[in-house]
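A quick write-up on the structure given underneath.
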Amino acid sequence: MYQFRITKQERGGYRFELSGIKMLVEDFEIKNDKHILTNPGKTIAFFYIDNNLYGVTNDPNVFNSAEDFYDAMSSQYQVFAGVGRVR
């Protein structure tokens, strides 16, 4: 299980953060050492490099856990990593 910093949002849902990558999640439950997304189609992940925002949605429900979605987003970050620093 990844050690996300998880914050409950005032307007609903949760914000997951790990190594500069952020995800907005409607709800989740923990099963088999993973954060299972209860509504994966409403999850987005994003990061900033040099004040530019890069992000993707999890529609059409490709990833069912926060860990799997994070891994996919992390590989996208690697594409942009040479142009600046993640914050």
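Under the working numbering, the first residue of the sequence shown is numbered 11, with each subsequent residue one higher.
Ideal Cβ placement from N, Cα and C applies to all residues, glycine included.
Check                                                                                : Outcome
Whole-angstrom distance between MET83 and LYS52, CA atom to CA atom                  : 15 angstroms
Exposure of PRO70, with buried meaning 16 or more beta-carbon neighbours within 10 Å : exposed
Status (buried if at least 16 other CB within 10 Å, exposed otherwise) for ALA9      : There is no way to answer for residue 9, as the model of the chain reaches only from 11 to 97.
Span separating the alpha-carbon of GLY94 from that of ASN49                         : For GLY94, the predicted model reports a pLDDT of 48, less than 50, meaning its position is unreliable and no value from the coordinates is stated.
Straight-line Cα distance separating SER75 from ASN42                                : 11 angstroms
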